[in-house]
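Chemist: Please read through the structure below; I'll follow up with questions.
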Ligand code: FHN
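Residue numbers (this note's numbering): -10 to 431.
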């Protein structure tokens, strides 16, 4: 008898050990720091919003508006919207070329939409026929081609995935214009579609990050977010997941509303934190006015603005996730490519002040100077985009007495003198780049 009880308790012990899910919500600070290090050092990512919404390109029945939201904006019935899938045939899509554009920009990771709110799957999914392989004439696995090109190019591959889904009957918020079933069963959508698709994405394309969105629907809760976070981290422990996996995001400012909100980093959208961030954070922004492709949107941000944003965000300890919206032909718009190339040229000269640096309490002086520090604290970088009479005056952060200071991209040390309590730096006659310059000091 005793032997049987021992055997049974041993079997229960073993079976629970086999299926024991680790609780990553209780991950130690050290473990998280180690896991986030590459992301923190990377600083600059490229967002890609691409899907069948690029076919209408921001116009429906002669009316503008919508981009990736066009189905909702123009209240397009599902059967009508599905026709865009049959027209999506981006023959000029070249994943290697996209990765080349990203590398020339100095981008270290790419986040592409696997499924946006419209519910269309941009990969070969076993869970649905509403995907690139079955519903479009293109019949190529876009995510596989891009993840392979990223791996070959040394760029981290990551996925944006929408919790909200306007196509899955059980995902419909009650009263949603897309609701096409009387009693949607959200739990069924979550357990039998959302989570299995995410497991499929991790298994097939090994994303370094899952970037959630569409979490604002009433059916989604923080508890479901915490469960999903743990579920995903148990599949891939090194996975990084943003704070839109739960309900902890405080609007477009994107910071956590409460300390234990699920997710590894904050996600301000179309804005930059006012001051140095308290946690890991990433500002996502469009390069014109839309996330998805809009043929009539020519409001491209200048290279000066884009570089100023990168510097400001880095000085405040954040990452910059800059978006491109490829065309239905599979091309990243020319004006985006030009600006990304200019950012890459600037980073070739000033990368030491951007990658693997940390922001700090003193992150700025006036409107034209930002400060970053090397991770080991040995060097401070003053990055400025305006200087008068070929001189720069520093009041708050100053080089050590007698130390040499340099401008990144210039070989010879710069001449600097004390002027009252300030430091006056003579700038080189010939500057090494456009838009902004970096003084390296100890
Ligand atoms: O509704 C989405 C929008 O389409 C876009 O994906 C942005 C970028 O993250 N996020 C949501 C709006 O906050």
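Where is the CB? At the ideal position from N, CA and C, for every residue including glycine. Values in this document were obtained by computation on a predicted structure and should not be read as measured data.
1. With a CB to CB cut of under 7 Å and the five nearest residues on each side skipped, what residues in its chain are close to residue 431?
2. Helix, strand or coil for residue 430? Go by DSSP, reduced to three states.
3. Quick check on residue 160: buried or exposed, where buried means 16 or more other Cβ atoms within 10 Å of its Cβ?
4. Measure the CB-CB distance between residue 451 and residue 256 and report whether it falls below 7 Å.
5. Any heavy atom of ligand 1 within a distance shorter than 6 Å of the CB on residue 57?
6. Between which two residues does the alpha helix (DSSP H) containing residue 215 stretch?
7. Exposed or buried, what is residue 210 when buried is set at 16 or more other beta-carbons lying within 10 Å of its beta-carbon?
8. Following the continuous beta strand (DSSP E) through residue 408, name the residue where it begins and the one where it ends.
9. So, helix, strand or coil for residue 311, using DSSP?
10. Which runs of the alpha helix (DSSP H), 4 residues or longer, sit entirely within the stretch 297 to 378?
11. Below 8 Å on the Cβ atoms is my contact criterion, and I expect residue 444 with residue 155 to pass it. Report the Cβ-Cβ distance as a whole number of Å.
12. Buried or exposed for residue 322, please, with buried defined as at least 16 other CB atoms from any protein chain shown within 10 angstroms of its CB.
13. Does the beta-carbon of residue 280, which I'm using as the reference point, lie nearer than 6 Å to any heavy atom of ligand 1?
14. Hey, how far is the Cα of residue 403 from the Cα of residue 342?
15. Report the three-state DSSP secondary structure of residue 98 (helix, strand or coil).
16. Taking its Cβ as the centre, do 16 or more other Cβ atoms sit within 10 Å of residue 381, making it buried, or is it exposed?
17. Helix or strand or just coil, what does DSSP make of residue 419?
18. Considering Cα atoms alone, identify which of 71, 312, 130, 148 is closest to residue 45.
19. Residue 346 and residue 363: beta carbons closer than 7 Å?
20. With respect to 6 Å, is the separation between the Cβ of residue 422 and the closest non-hydrogen atom of ligand 1 below this value?
21. Under 6 Å from any heavy atom of ligand 1, does the C-beta of residue 202 make it?
22. Considering just the uninterrupted stretch of the alpha helix (DSSP H) at residue 34, what are its terminal residues?
23. Would you mind sorting residue 375 into buried or exposed? The rule is 16 or more other CB atoms within 10 Å of its CB.
24. Measure the beta-carbon distance from residue 276 to residue 325 and round it to whole angstroms, keeping in mind my assumption that it falls under 8 Å.
25. Given a cut-off of 7 Å on the beta-carbon distance, is the pair residue 429 and residue 352 in contact?
26. On the three-state DSSP scale, how would you describe residue 424?
27. Determine the contact status of residue 103 and residue 148, defining contact as a CB-CB distance below 7 Å.
28. How would you call residue 303, buried or exposed, if buried means at least 16 neighbouring beta carbons within 10 angstroms?
29. Give the range of the beta strand (DSSP E) segment to which residue 111 is assigned.
30. Would you call the stretch 76 to 87 and the stretch 113 to 131 in contact, with 3 or more CB pairs under 8 Å?
31. At least one CB of chain D closer than 7 Å to the CB of residue 196: is that the case?
32. Quick one: complete beta strand (DSSP E) runs, 3+ long, within the stretch 215 to 286?
33. Quick one: what's got a C-beta closer than 7 Å to residue 53's C-beta in the same chain, skipping five residues either side?
34. Please confirm whether any heavy atom of ligand 1 lies closer than 6 Å to the CB of residue 258.
35. Leaving aside the five residues before and after residue 300 along the sequence, list all residues of the same chain whose C-beta is less than 7 Å from its C-beta, in chain order.
Modeler: Checking against the coordinates, here is how it stands:
1. Here residue 431 is taken as the residue at index 442 of the chain shown, counted from 1. Around residue 431: 367, 368, 388, 389, 392.
2. The residue given as residue 430 occupies position 441 in the chain shown. DSSP places residue 430 in strand when its eight states are reduced to three.
3. By one-based count along the chain shown, residue 160 stands at place 171. Residue 160 comes out buried.
4. Nothing about residue 451 can be read from this structure; the chain reaches only from -10 to 431.
5. For the purposes of this step, residue 57 is taken as residue 68 along the chain shown, with counting starting at 1. Yes, Cβ of residue 57 sits closer than 6 Å to a heavy atom of ligand 1.
6. The residue given as residue 215 occupies position 226 in the chain shown. That run of the alpha helix (DSSP H) goes 211 to 224.
7. The residue labelled residue 210 in the question sits at position 221 within the chain shown. Exposed: under 16 other Cβ atoms inside 10 Å.
8. The residue given as residue 408 occupies position 419 in the chain shown. Note, residue 408: beta strand (DSSP E), 405 to 408.
9. Here residue 311 is taken as the residue at index 322 of the chain shown, counted from 1. Strand, per DSSP.
10. 323 to 339
11. Shown here, the chain extends from -10 to 431; a query on residue 444 therefore has no answer.
12. Indexing the chain shown from 1 puts residue 322 at position 333. Residue 322 should be labelled buried.
13. The residue labelled residue 280 in the question sits at position 291 within the chain shown. Indeed, a heavy atom of ligand 1 lies less than 6 Å from the Cβ.
14. The residue labelled residue 403 in the question sits at position 414 within the chain shown. The residue labelled residue 342 in the question sits at position 353 within the chain shown. Approximately 17 Å, taken between the alpha carbons.
15. Residue numbering aside, residue 98 sits at position 109 when the chain shown is read from its first letter. Per DSSP, reduced to three states, the secondary structure at residue 98 is strand.
16. Residue 381 sits at position 392 when you count from the first residue of the chain shown. Buried, since its Cβ has 16 or more Cβ neighbours within 10 Å.
17. The residue given as residue 419 occupies position 430 in the chain shown. Of the three classes helix, strand and coil, the one that applies to residue 419 here is coil, per DSSP.
18. Numbered from 1 along the chain shown, position 56 holds the residue referred to as residue 45. Of the candidates 71, 312, 130, 148, the one whose C-alpha sits nearest the C-alpha of residue 45 is 71.
19. Taking the first residue of the chain shown as 1, we reach residue 346 at position 357. Taking the first residue of the chain shown as 1, we reach residue 363 at position 374. Against a cut-off of 7 Å, the Cβ pair of residue 363 and residue 346 comes out as a contact.
20. Taking the first residue of the chain shown as 1, we reach residue 422 at position 433. Incorrect: residue 422 has no Cβ contact closer than 6 Å to ligand 1.
21. Looking up residue 202 in the chain shown gives position 213. Distance from the C-beta of residue 202 to the nearest heavy atom of ligand 1 is below 6 Å.
22. Taking the chain shown and counting its residues from 1, the one referred to as residue 34 is at position 45. Taken as a continuous stretch (DSSP letters only), residue 34 belongs to no alpha helix (DSSP H), being part of the beta strand (DSSP E) at 33 to 37.
23. By one-based count along the chain shown, residue 375 stands at place 386. Exposed: under 16 other Cβ atoms inside 10 Å.
24. Position 287 of the chain shown, counted from the start, is the residue given in the question as residue 276. Position 336 of the chain shown, counted from the start, is the residue given in the question as residue 325. The pair is a contact, with the Cβ atoms about 5 Å apart (cut-off 8 Å).
25. Here residue 429 is taken as the residue at index 440 of the chain shown, counted from 1. Here residue 352 is taken as the residue at index 363 of the chain shown, counted from 1. Contact: no.
26. If you number the chain shown from 1, residue 424 lands on position 435. Look at residue 424 here: in three-state DSSP terms it is coil, with no helix or strand label.
27. By 1-based counting over the chain shown, the position of residue 103 is 114. By 1-based counting over the chain shown, the position of residue 148 is 159. A contact, by the Cβ cut-off of 7 Å.
28. In the chain shown, residue 303 corresponds to position 314, counting from 1. That one is buried.
29. The sequence position of residue 111 within the chain shown is 122, counting from 1. Here residue 111 belongs to no beta strand (DSSP E), and DSSP marks it neither H nor E.
30. yes
31. Absence of chain D from the displayed structure is noted, only one protein chain being present.
32. 271 to 274
33. As a working mapping, residue 53 is identified with position 64 in the chain shown. Hits under 7 Å: 47, 285.
34. Within the chain shown, the letter at position 269 stands for residue 258. Residue 258: yes, Cβ under 6 Å from ligand 1.
35. Start at 1 with the first residue of the chain shown, and residue 300 comes out as number 311. Counting only Cβ-Cβ distances below 7 Å, and skipping sequence neighbours, we find 359, 372, 425.
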